[in-house]
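Novice: Protein chains in written order, with my numbering: chain A, 963 to 1301; chain B, 963 to 1301.
There are 2 protein chains.
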Amino acid sequence: MGYRGPTLEDVAREAGVSRATVSRVVNGVRNVAPDIQRSVREAIARIGYTPNQAARSLVTRRTGTVALVLCATGRSFTARVFSDPFFGRVVDGVLPVLRRRAIQPVLLVAESEQARTQLVEYLRQGGADGALVVPLDENDPLPSMLVAAGLPTVLFGRPRDGERCGYVDLDNPAGARLAAEHLWATGRRRPATIAAPVTAPTADERLDGFREALAAHGVTSVPVVRGRFTVDSGRRAMARLLKDHPGIDAVFAANDLMAQGACQYLREQGVSVPGEVAVVGFDDSVAARKARPQLTTVRQPVERMAAAMATLLVEQLDGARSETASKVFEPVLVVRDST
Amino acid sequence: MGYRGPTLEDVAREAGVSRATVSRVVNGVRNVAPDIQRSVREAIARIGYTPNQAARSLVTRRTGTVALVLCATGRSFTARVFSDPFFGRVVDGVLPVLRRRAIQPVLLVAESEQARTQLVEYLRQGGADGALVVPLDENDPLPSMLVAAGLPTVLFGRPRDGERCGYVDLDNPAGARLAAEHLWATGRRRPATIAAPVTAPTADERLDGFREALAAHGVTSVPVVRGRFTVDSGRRAMARLLKDHPGIDAVFAANDLMAQGACQYLREQGVSVPGEVAVVGFDDSVAARKARPQLTTVRQPVERMAAAMATLLVEQLDGARSETASKVFEPVLVVRDST
DNA sequence: AGGTTTCGGGAGAGCGCTCTCCCACGTTTC
DNA sequence: GAAACGTGGGAGAGCGCTCTCCCGAAACCT
């Protein structure tokens, strides 16, 4: 470092105007006579001026940056994030909204205790104007920490009770109900489910919705095994289900990867899908399309939700929204080959 | 916004000392009498002081931040990044090095033309002290842009000719040679290869290394099909190879995902692996272990390379390294079930 | 004892920018 | 023609911090 680039002052001298005028040209605020504007721009180009963001932030109290935070409490964090297309979809949804406003999106990962502390400290010190948080585990303390630090925050998924921050969410019970009704309508009478880990934000919403919908049809007992949102855990869960409840004729998994694992295991065991056992996933991620057979699944409009999340935050930063504004999306059932 | 937290001044008043002393305590520079140190810390805790990073950066010309940039020129960028475990490994390697130095790692993605421009602008304005760049395509202009902007930069993979920046790389030809020698040693005499896309940084290093090693054994013609680093493209490439060169008895793929695709296709066609055709991958990613059969592959020590990349940058920031320091890693062959 | 280091603290000058004032100069209005 | 207004520019006060300089007191030498 040590190198100092040209400053506003230098541009002002070069163009023969005052610092204030150069600032006005750069930021496009107030009227500046066209010819002066031109000479200022030329001066900027000539000496290669770049505004100093630190100086700017110091007075505006804005960084022009929004953090997209991925956080989890467990291990093998990055392996999860960088193999589940879900996060790619979130990023895809968020980016365009921010780009359009010329806000720099910054991805932050909190993969450990230390990381979490450093991250909160960084944001408290003004590392970003706000945070979009995608928690992988229900009990992650990060959202509360950010809210407590006074940082405008919007969550993907419902916040824990009492957390005053905005969020977007999916109507998970409704999604589970869609799956249940579909299975029922196609004649399945002995369904089981591979549920989310107890630590997942949506853990029991999908499970309960599924149970309730079936209860309405008189099915009072549904076998449940918990997975961990991975293909492998889906295989293992399916193995357990098949062993403990050989009579089942349908499985509803809390995400597509687990559904995919279930299908793999079933077919390896010579159980035909959807012939003998129907499988329904959740998310409609690319995995659903890639699986053989292609999965019937509950579509979660992740990109739209992520975009909404970004929009809520931006509006909150503009002061046009309360800090607890939220938006809930409706799921849709996508029927493919696994049912 | 608009809210102003307590400043150094406030802490100084509260503790009955000067601003300078508080600054010294906060930054741990020079000696401060223990009792004063304590009373300052108490004052800080009492009024909840957090240093303002913008003000700090303004004078130190440091942000305490390093950017990890993922960039590509093509489309479906995020889908690639968030489904290939490779990036997770890079992140895994980089994070600990930076955390240890209390440097905040910031992930930046350049998924479009506009994103690239915004990103360079952001970094030029002082968004980070340096950049670790992982280019997915050979011809991405981003590295040159960053170097031109005077930002300390370290690349994953060799820079294009004339780019003055540090890098880490794998000895790709050596890796390809390992694969070739292994196939030759196990009696394969009609090998083919699924190469990288022409746009990949390592595109022809692996291809040429493979060819040369075989040429040394008198094999002058090796069938080549290009893939795109995905499982699907591996399948398609394998299909082409099998159709055009039915006699082949071995395939070397430029990464594991393509090797996996090749295996899938072969088995679906009733060709036994490794019985009739042996398959070698590259990277030793988790995909290699997960594939059936488990892949023989060339191990790229991605985490170590990423860690080295971070270390090179940090040392460069400390002024302890030239801006073009580099490090090349040796690959290792991992023999599993596919050969 | 006088001189010289250390040591611990304060004063104050910026870092580069934004933004509120203020002023000079038209242009309109009655 | 004087008062009112609008328009475009400059002056300059900070934003919150770091860091060099300075200064007094205590500790160390001959």
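From the three backbone atoms N, C-alpha and C, an ideal C-beta is built for every residue, glycine too.
#1: Flag Glu1075 of chain A as yes if its beta-carbon sits less than 8 Å from any beta-carbon of chain B, otherwise no.
#2: Can you pull the chain B residues whose beta carbon is under 7 Å from the beta carbon of Arg1061 of chain A, in chain order?
#3: Please classify Leu1117 of chain B: does DSSP put it in a helix, a strand, or coil?
#4: Are at least three pairs of beta-carbons, each pair with one atom in the stretch 1161–1177 of chain B and one in the stretch 1196–1208 of chain B, less than 8 Å apart?
#5: For Asp930 of chain A, decide whether its Cβ has a neighbour in chain B, counting only Cβ atoms nearer than 8 Å.
#6: Do Leu1108 of chain A and Leu1069 of chain B have their CB atoms nearer than 8 Å?
#7: From this set, B:Gly1128, B:Arg1197 and B:Ala1158, which residue's C-alpha is nearest Ala1287 of chain B's C-alpha?
#8: Work out the CA separation of Gln1278 of chain B and Pro1067 of chain B for me, nearest whole Å.
#9: Thinking just about the alpha-carbon of each residue, which of B:Ser1284, B:Glu1285 and B:Asn1217 is nearest to the one in Pro1047 of chain B?
#10: Can Arg1154 of chain B and Arg1168 of chain B be called in contact, C-beta distance under 8 Å?
#11: Which whole runs of the alpha helix (DSSP H) in the stretch 1088–1174 of chain A are 4 residues long or more, in chain order?
#12: Please confirm if Asp1054 of chain B has its CB atom under 8 Å from at least one CB of chain A.
#13: Give the DSSP bridge partners of Val1002 of chain A, in chain order.
#14: According to DSSP, is Pro1185 of chain B helix, strand or coil?
#15: Tell me the rounded alpha-carbon separation between Arg1061 of chain B and Gln1087 of chain B.
#16: Could you check whether the Cβ of Ser1288 of chain B sits closer than 8 Å to any Cβ belonging to chain A?
#17: Quick check on this structure: which residue in B:Arg1122, B:Gly1171 and B:Val1193 has the alpha carbon closest to the alpha carbon of Thr1161 of chain B?
#18: Contact between the stretch 997–1005 of chain A and the stretch 1039–1058 of chain A is defined here as three or more beta-carbon pairs at a separation below 8 Å; is this criterion met?
#19: Between the stretch 1009–1023 of chain A and the stretch 1007–1024 of chain B, do at least 3 Cβ pairs fall closer than 8 Å?
#20: Does the distance from the C-beta atom of Val1241 of chain A to that of Cys1225 of chain A stay below 8 Å?
#21: Candidates B:Gly1196, B:Phe1214, B:Ala1268 and B:Asp1280: which alpha carbon is nearest Val1052 of chain B's?
#22: Would Val1239 of chain B be called buried (16 or more neighbouring beta carbons within 10 Å of its own) or exposed?
#23: Is it a yes or a no for the stretch 1111–1118 of chain A touching the stretch 1128–1146 of chain A, going by three-plus beta-carbon pairs under 8 Å?
#24: Taking 6 Å as the limit between beta carbons, can you name the residues of its chain near Tyr1011 of chain B, skipping five residues before and five after?
#25: For chain B, is any of its Cβ atoms less than 8 Å away from the one on Tyr1129 of chain A?
#26: Excluding five sequence neighbours on each side, which residues of the same chain lie with their C-beta closer than 6 Å to the C-beta of Ala1270 of chain A?
#27: Need the endpoints of the alpha helix (DSSP H) that Ser985 of chain A sits in, please.
#28: Under DSSP, the beta strand (DSSP E) around Leu1032 of chain A begins and ends at which residues?
#29: Determine the DSSP secondary structure at Phe1039 of chain B, reduced to helix, strand or coil.
#30: Name the chain A residues that come within less than 7 Å of Thr1012 of chain B, Cβ to Cβ?
#31: Using a Cβ-Cβ distance under 8 Å, would Ala1017 of chain A count as near chain B?
#32: Tell me whether His1144 of chain A is buried or exposed, calling it buried when 16 or more other Cβ atoms sit within 10 Å of its Cβ.
#33: List the whole-angstrom C-beta distance separating Ala1136 of chain B from Pro1293 of chain B, where the pair is believed to meet the contact cut-off of C-beta under 8 Å.
#34: Counting only the same chain and skipping the five closest in sequence on each side, list residues whose C-beta sits under 7 Å from that of Ser980 of chain A.
#35: Please tell me whether Thr1040 of chain A has its Cβ less than 8 Å away from any Cβ of chain B.
#36: Determine whether the beta carbon atoms of Arg1302 of chain B and Gly1232 of chain B lie at a separation below 8 Å.
Specialist: Concretely, from the data shown:
#1: no
#2: Gln1076, Ala1077 and Gln1080
#3: strand
#4: no
#5: In this structure chain A extends from 963 to 1301, so residue 930 of chain A is not present and cannot be described.
#6: no
#7: B:Gly1128
#8: 16 Å
#9: B:Asn1217
#10: The question names Arg, but residue 1154 of chain B in the sequence shown is Ala. No. Outside cutoff.
#11: 1104–1110 and 1134–1147
#12: yes
#13: Partner(s): none; Val1002 of chain A has no beta bridge.
#14: coil
#15: 23 Å
#16: no
#17: B:Arg1122
#18: no
#19: yes
#20: yes
#21: B:Ala1268
#22: buried
#23: yes
#24: Pro968 and Val973
#25: no
#26: Val1130 and Lys1289
#27: Arg981 to Asn989
#28: Thr1027 to Cys1033
#29: helix
#30: Arg1086 and Gln1087
#31: yes
#32: buried
#33: 6 Å
#34: Ala974
#35: yes
#36: Residue 1302 of chain B lies beyond the residue range present for chain B, which begins at 963 and ends at 1301; the question has no answer from this structure.
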